[in-house]
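Student: My questions all concern the structure below.
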Amino acid sequence: MHPVRTLLALSLLAAAPAFATTGLDAGDIAAAEALRERAMRGSEAWNVVESLTTEVGPRLAGTPADAKAVQWAKAKMQAMGFDKVYLEPVTFPVWLRQHERAEVLAPYPQPLVVTALGGSVGTGGAPIEAEIVAFASLDALKAAPEGSLEGKIAVITNRMVRFKDGRGYGPAVGARSNGAVEAARKGAIAILIRSIGTSSDRFAHTGTMRYVADVPRIPAAALSNPDADLIEHMVARGKPVRLRLDIGAETVADYTSHNVIGEIRGRDLPDEVVTIGGHLDSWDLGTGAIDDGAGIGITFAAGALIGQLERAPRRTVRVIAYANEEQGLYGGKAYAEARAAAGEIGAHQLGAESDFGAGRVYALRAGVDPAAWPVIEQIGQVLAPLGIATERSGGGPGPDVGPIVAKGAPWAQLAQDGIDYFDYHHTANDTLDKIDPRALDQQVAAYAVLAYLAAESDVDFGTLPVKADD
Ligand SMILES: [Zn+2]
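Below, the structure is given as structure tokens:
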């Protein structure tokens, strides 16, 4: 941190209105506007996502495709002209999906579309067959009598609600995260949930779940939305519903992957950094185009545009392709731990990430020292022609920036329209055709402006309250 600069900024702020304290002059604004227009004429983002989804494809953390993605990212950043490209280790347990099958045995036999949840155990090498007990929500399951699910397959059918900002995900996702533990506590031998997604297409939606010590580990899978409807229709007829479930999955020895980092070196203050990025891993079902190939393409392209400027910004712009976000934010946590160990948290001026698909950005939000807010306003003015409003409150840093923010680093958010994000997210339907290249260009413009001006400014974005380790 730079207390002297903060004090100076505060005293100037008191003395003069407008943006006299920000360190951004008309030339800086003009340079940012030119970057914005350059991106809007057509950026490299779509080509980067096309390359990642075509040449690597699905890249489940810890698999050979993960290693391939790391090499791909390093080579891509080098080819795009980053000054320095390097890897940092990230270690985590590896979960592998082998197979998954489900069918109704009675009263109306027919196949079901399911997918195992990330982290789930298998059914023990053979299918299991049992009657189901269906619940409308995780809370309803929790309220079931002790032992009432003995030998049964629990089913939770709560439905995620669609919103532009994705706020329907949080209230629904508990069924996925905690359903297996709660069902096992009541004696269930497996759990099926309605997919935590908004699509009515017949694609099941995966994602992480967890176990706790002292509760039996039972297999957990998601039904596609139409298959969850089908189960509800059968249950409504009042006859016992009996399923067969066959899941092969296992967690194997730890693996070390890497965060891949590319930098545009700052011309005056190279040790101070502004970060943007996305996560390099994906689930194994689709090609990880919107989650999070888009974030990789957007931030690689934005960083590369800044790298093409005749004069680099004052501070270093660091683009981070985070390892294994999907199964527990391992890359973001390792990155934050490494900065803390090196005493570099204070060097982190502003962090942002793109991990909400490929929809257009509509809002700029930030968590910074109030003295730095005028710079955020200035950045917002350059973003306004892109249809982006500056919002003084709300939002958050995102999953991979979260761990360093918990250690005190300031953040910015470019909020994206995620109205259809959960139609594709974590499904086999997350593929390149869902991405509009023009929407990607708008996001590249936004990230380039944000990163460039935050790096060009010499205002101190401050230190946030440090949160206790979880
Ligand atoms: Zn993601």
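According to mature numbering (1 follows the signal peptide of the UniProt record, and there is no 0), the sequence shown holds residues -20 to -1, 1 to 450 in order.
Quick reminder that beta carbons are idealized off the backbone N, C-alpha and C, glycines included.
Small disclaimer: the values here were computed from a predicted structure and weren't measured.
Let me check understanding here. Comparing Cα to Cα, which of 36, 175, 326 lies closest to residue 98?
Tutor: 175
Student: Counting Cβ pairs closer than 8 Å, one from the region 372 to 387 and one from the region 146 to 166, do we hit at least three?
Tutor: no
Student: Out of 207, 180, 200, 341, state which residue places its alpha-carbon closest to the alpha-carbon of residue 104.
Tutor: 200
Student: Using a Cβ-Cβ distance under 8 Å, would residue 329 count as near chain C?
Tutor: Protein chain content of the structure displayed is limited to a single chain, and chain C is not contained in it.
Student: Do residue 244 and residue 62 have their C-beta atoms within less than 8 Å of each other?
Tutor: yes
Student: Ordered along the chain, which non-local residues of its own chain (more than five positions away) have a Cβ less than 6 Å from that of residue 248?
Tutor: 294
Student: Less than 7 Å between the CB of residue 264 and some heavy atom of ligand 3, yes or no?
Tutor: Absence of ligand 3 is noted for the structure shown, with ligand 1 being the only ligands found.
Student: Hey, is residue 130 close to ligand 1, as in C-beta under 7 Å from one of its heavy atoms?
Tutor: no
Student: In three-state DSSP terms, what is residue 126?
Tutor: coil
Student: Using only alpha-carbon positions, find the residue among 399, 445, 263, 20 that is nearest to residue 308.
Tutor: 263
Student: Give the DSSP-derived three-state secondary structure of residue 251 in the structure shown.
Tutor: strand
Student: Does the distance from the CB of residue 118 to the CB of residue 177 come in under 8 Å?
Tutor: no
Student: Is the number of C-beta pairs between the region 49 to 57 and the region 214 to 228 that are closer than 8 Å three or more?
Tutor: At 8 Å Cβ cutoff, the stretches do not touch.
Student: Using CA atoms only, rank isn't needed, just tell me which of 35, 300, 266 is closest to residue 280.
Tutor: 300
Student: Are the Cβ atoms of residue 292 and residue 424 separated by less than 8 Å?
Tutor: no
Student: Note down the Cα distance separating residue 428 from residue 16, rounded to an integer number of angstroms.
Tutor: 7 Å
Student: For residue 53, does the three-state DSSP call read helix, strand or coil?
Tutor: helix
Student: In whole angstroms, give me the CA-to-CA distance for residue 193 and residue 165.
Tutor: 12 Å
Student: Would you kindly report the start and end of the unbroken beta strand (DSSP E) that includes residue 235?
Tutor: 222 to 244
Student: Classify residue 233 as buried or exposed, calling it buried when 16 or more other Cβ atoms lie within 10 Å of its own Cβ.
Tutor: exposed
Student: Quick check on residue 371: does DSSP put it in helix, strand or coil?
Tutor: Coil, per DSSP.
Student: In angstroms, rounded to a whole number, what distance separates the CA positions of residue 274 and residue 92?
Tutor: 31 Å
Student: With which residues is residue 72 paired in a DSSP beta bridge?
Tutor: 235
Student: Return yes when at least one heavy atom of ligand 1 lies under 7 Å from the C-beta of residue 259, else no.
Tutor: yes
Student: Could you have a look at residue 99 and say whether DSSP puts it in helix, strand or coil?
Tutor: Shown here, residue 99 sits in coil according to DSSP, grouped into three states, outside any helix or strand.
Student: Any idea what DSSP makes of residue 441, helix, strand or coil?
Tutor: coil
Student: Can at least three beta-carbon pairs, one atom from the region 37 to 49 and one from the region 384 to 395, be found at a separation below 8 Å?
Tutor: Taking one beta carbon from each stretch, the region 37 to 49 and the region 384 to 395 have fewer than 3 pairs nearer than 8 Å; the two do not touch.
Student: Quick one, what's near ligand 1 if you take every residue whose CB is closer than 5 Å to any heavy atom, in chain order?
Tutor: 271, 272, 335
Student: Residues in its own chain within less than 8 Å of residue 124 by CB, not counting five upstream and five downstream?
Tutor: 113, 115, 166
Student: Using three-state DSSP, classify residue 213 as helix, strand or coil.
Tutor: helix
Student: Determine the burial state of residue 31: buried for a count of at least 16 other Cβ atoms within 10 Å of its Cβ, exposed for fewer.
Tutor: buried
Student: When DSSP builds the beta bridges, which residues end up paired with residue 347?
Tutor: 391
Student: Apply the 10 Å Cβ neighbour rule to residue 88 and answer buried if 16 or more other Cβ atoms are within range, or exposed otherwise.
Tutor: exposed
Student: I'd like the list of long-range same chain contacts for residue 187, defined as Cβ closer than 7 Å, with 5 residues on each side in sequence excluded.
Tutor: The residues are 97, 98, 156, 176, 406.
Student: Measure how close the beta-carbons of residue 108 and residue 163 come, nearest whole angstrom, since I'm counting them as under 8 Å.
Tutor: Between residue 163 and residue 108 the Cβ distance is about 13 Å, and since that is not below 8 Å, they are no contact.
Student: Taking the straight line between their C-alpha atoms, what separation do you get for residue 214 and residue 271?
Tutor: 34 Å
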